[in-house]
Amino acid sequence: MIVLPHTPPIPIQLKEPGSVLPSHLLALRAALHVPQLSTSNESIRYVVNLEEYLEAIVELTSQNDANRAVFSSNIPWNDLSKTGFKQFFNTVTKKVVLAKWTLANELRMTLISIGLIYMRIASDLLNETINIELDIPEKKPQEYSENWKQIVNLYKKSISFFMYGDSIEPNQGSLAKGALRVNATLFSFLMKISEISIQMSILAKFLWINRLSFNYNEQVTTENNVTLAKVAIYCMNELEVVQNLLKTLIQSAGKKSEADTELLNLDYTDWEDYLKLVKRYVSAYAGFFLAIQHYREDKLGNALGLIQFSLLTLQSKQEVKPGNDSMLSRKVTLRKLRNKVAHRKHADILQSLNSISTLDLNNSAFNDKSGIVLNDLTYLYDQLIKLNLKLTSENDNLKFDNIVHWSSVGNDAKWPIGCKIPVSKIEPYKPKKEEASTAAAAAASDNDTYTGRGSYF
């Protein structure tokens, strides 16, 4: 679900390749020089070649001191942060004097690239799946269960490469002085992004199922709405952790480590804004599934308040936070006055909800920053609008419940504690050379196919 801006990094041409590089490895790498990956099929073909290259890199590291073996005199990947590397350029000759890109760096960047490409392939497949329209009851969503399993397995595969990269981080003392070093925090950061994406894909699946059902007979069919709301809240909490990790990564860009090695980072441009928007997106998911649960419990006032909160979360340019709306009874400060103005803007949006049929992306903070997630975001907004119209009509004609104010849903709707759907154990990527030596043990334990009690996939 999450496709980080300016990813994945792609190899570029080497300058002054190191003497340890064999010709067949250089040929494999040259085949990886492409401008960009535009389609899912391109990504699939590319990652197959990149994995073949990875095997060659792993073989080479087994024959050399990877932390000291010079791979290239340039940083041979695009979309990496160049902050703080001025000391590597001779201002007189205007030539690069860096000869510190090591074999270990190449191995780690290859693992990061592969993991990010699998995340993109998973997002592409999810995007294709939620676009499927079915004629119910002739066809059922269960017919596409394999798609959703494959999506989760692709994310798990990305995690396996990040786990391997995290496990091979060397002791700083083994690095050459002044060498570049891929920031070790990247692997744990990207693992967490993949884990969140697995949970978000489950939310997207049940939104898709509800959409198909609602289009058929204007009924919502999900029974596990509280669980799904908890998953969304779990994602919100984890995104806060990820945002804090990102701040650490950004602060480290271009800085030296304790071992006097330069920390190398990805290009984090737009990542902060993007993750803030993803957090709002999953917040709207939490409100959506809680609203369905309250509707099933015949609490239309709570349900409508949650729907309005979710709609505002998606439509407003400012972050919408649930809480007690007692601002007017307190002393007015500049911050409170700004909040009051924001509340009025939210009220104006709510007044026009009944006439809105699509998300106004041009006026939304999601514009140009949402990536592949935009498709599911639009479906979520559309479903909220339809549910708002349906429940408003029922309440106006049958129930006459007082609608809980959107700013009070955090108190009145009793948001549950977040939790994730369990998935089966993920093993780190194992190079073919290592895999062959443990084939007998792997066949006996069969860890790759065991799903575990209570696991989702």
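Numbering (the numbering used here), first residue to last: 38 to 494. Glycine included, C-beta positions come from ideal geometry on N, C-alpha and C. Owing to the predicted nature of the structure, the values given are computational and were not obtained by experimental measurement.
For this session: Grab the span of the alpha helix (DSSP H) containing F346 for me, first residue to last.
Result: Residues L337 to Q352.
Exercise. Should L217 and L301 be called a contact, given that it needs their Cβ atoms to be closer than 7 Å?
Worked result: Cβ atoms of L217 and L301: closer than 7 Å.
Problem set entry | Straight-line Cα distance separating L117 from Y90 | So the two alpha carbons sit approximately 20 Å from each other.
For this session: Determine the burial state of K176: buried for a count of at least 16 other Cβ atoms within 10 Å of its Cβ, exposed for fewer.
Result: K176 comes out exposed.
Exercise. How is the beta strand (DSSP E) around S109 delimited, first residue to last?
Worked result: Per DSSP, S109 belongs to the beta strand (DSSP E) from V107 to S109.
Exercise. Hey, Y416 and F198: beta-carbon distance below 7 Å or not?
Worked result: At least 7 Å separates the beta-carbon of Y416 from that of F198.
Problem set entry | Where W452 falls: helix, strand or coil (DSSP) | Secondary structure of W452 (DSSP, three-state): coil.
Problem set entry | Residue of Q330, S60, T44 and G338 minimising C-alpha distance to N247 | Taking only the C-alpha atoms, the option nearest N247 is Q330.
Problem set entry | Under the three-state DSSP convention, the category V219 falls into | Per DSSP, reduced to three states, the secondary structure at V219 is strand.
For this session: Just mark T370 as buried or exposed, buried being the case when its beta carbon has 16 or more other beta carbons within 10 Å.
Result: Model confidence at T370 stands at a pLDDT of 46, short of 50, so the residue's coordinates are unreliable and nothing is read from them.
Exercise. Should E456 be labelled buried (16 or more other beta-carbon atoms within 10 Å of its own) or exposed?
Worked result: In the sequence under discussion, the amino acid at residue 456 is Cys, which differs from the Glu named in the question. Classification of C456: exposed, given that the 10 Å Cβ count is below 16.
Problem set entry | Per-residue burial, L63 [other beta carbons within 10 Å of its own, 16 or more giving buried] | Under this definition L63 is an exposed residue.
Problem set entry | Identity of the residue in L265, C272, Y271 and Y305 nearest K284 by Cα | Taking only the C-alpha atoms, the option nearest K284 is Y305.
Exercise. In the DSSP assignment, what are the bridge partners of T139?
Worked result: DSSP lists V107 as partners of T139.
For this session: Answer with buried or exposed for H383, where buried requires no fewer than 16 other C-beta atoms within 10 angstroms of its C-beta.
Result: With a pLDDT of 49 at H383, under the threshold of 50, the modelled position of that residue is not reliable, and the figure given next carries that caveat. By the C-beta density criterion, H383 is buried, having at least 16 other C-beta atoms within 10 angstroms.
Problem set entry | H383 - DSSP class collapsed to helix/strand/coil | Any answer about H383 is weak, because its pLDDT of 49 lies below 50 and its placement is not dependable; what the coordinates show is given next. Three-state DSSP puts H383 in a helix.
Problem set entry | Alpha carbon of L171 to alpha carbon of V257, nearest angstrom | Rounded to whole angstroms, L171 to V257 spans 15 Å at the Cα level.
Exercise. Alpha carbon to alpha carbon, what distance is there between Q73 and N104?
Worked result: Between N104 and Q73, the alpha-carbon positions lie close to 29 Å from each other.
Exercise. Hey, E53 and S110: beta-carbon distance below 7 Å or not?
Worked result: Yes, these two residues count as a Cβ contact at 7 Å.
For this session: With a 10 Å radius around its C-beta and 16 neighbouring C-beta atoms as the bar for buried, classify Q179 as buried or exposed.
Result: Its Cβ having fewer than 16 others within 10 Å, Q179 is exposed.
Exercise. In whole angstroms, what is the alpha-carbon distance linking S231 and A328?
Worked result: One Cα belongs to S231, the other to A328, and the distance between them is close to 27 Å.
For this session: Would you list the residues sitting across from W185 in a DSSP beta bridge?
Result: Bridge partners of W185: none, in fact.
For this session: Going by CA-CA distance only, name the one from Q352, I454 and L144 that's closest to P468.
Result: Closest option to P468, Cα to Cα, is L144.
For this session: Quick one: measure Cβ to Cβ for P113 and P46, integer angstroms, because I've assumed they're closer than 8 Å.
Result: Contact check for P113 and P46: beta-carbon distance about 10 Å, past the 8 Å limit, so the pair fails to qualify.
Problem set entry | Where Q288 falls, given that 16 or more other Cβ within 10 Å makes a residue buried | Taking all protein chains shown into account, Q288 has fewer than 16 neighbouring C-beta atoms within 10 Å of its C-beta and is therefore exposed.
Exercise. Taking N425 as the reference, which of S234, V71, S445 and F326 has the closest Cα?
Worked result: The candidate whose alpha carbon is nearest that of N425 is F326.
Exercise. Would the beta-carbon of S195 fall within 7 Å of that of G152?
Worked result: It is a contact, given that the beta carbons lie within the stated cut-off.
Problem set entry | Simplified DSSP state of P48, which is helix, strand or coil | In the structure shown, P48 sits in a strand (DSSP, three-state: E or B).
Problem set entry | Per-residue DSSP class, three states only, for L74 | The DSSP-derived three-state label of L74 is coil.
For this session: Return the CA-CA distance between N101 and E464, expressed in angstroms with no decimal places.
Result: Between N101 and E464, the C-alpha separation is close to 26 Å.
Exercise. What residues in its chain sit with their C-beta under 7 Å from that of E96, if we drop five residues either side in the sequence?
Worked result: For E96, where only same-chain residues beyond five positions count, the Cβ hits under 7 Å are K470.
Exercise. Helix, strand or coil: which one does DSSP assign to L69?
Worked result: L69 falls in the coil class under three-state DSSP.
Exercise. Measuring CB to CB, does I154 end up less than 7 Å from S225?
Worked result: Not a contact, by the Cβ cut-off of 7 Å.
Problem set entry | Whole-Å CB distance - L240 paired with Y311, under 8 Å assumed | L240 to Y311, Cβ: 18 Å. No contact.
Exercise. Does DSSP put L421 in a helix, a strand or coil?
Worked result: Correct three-state label for L421: helix.
Exercise. What residue from L265, L227 and Y253 has the CA that sits closest to P459's CA?
Worked result: Looking at L265, L227 and Y253, the one whose alpha-carbon comes closest to that of P459 is L265.
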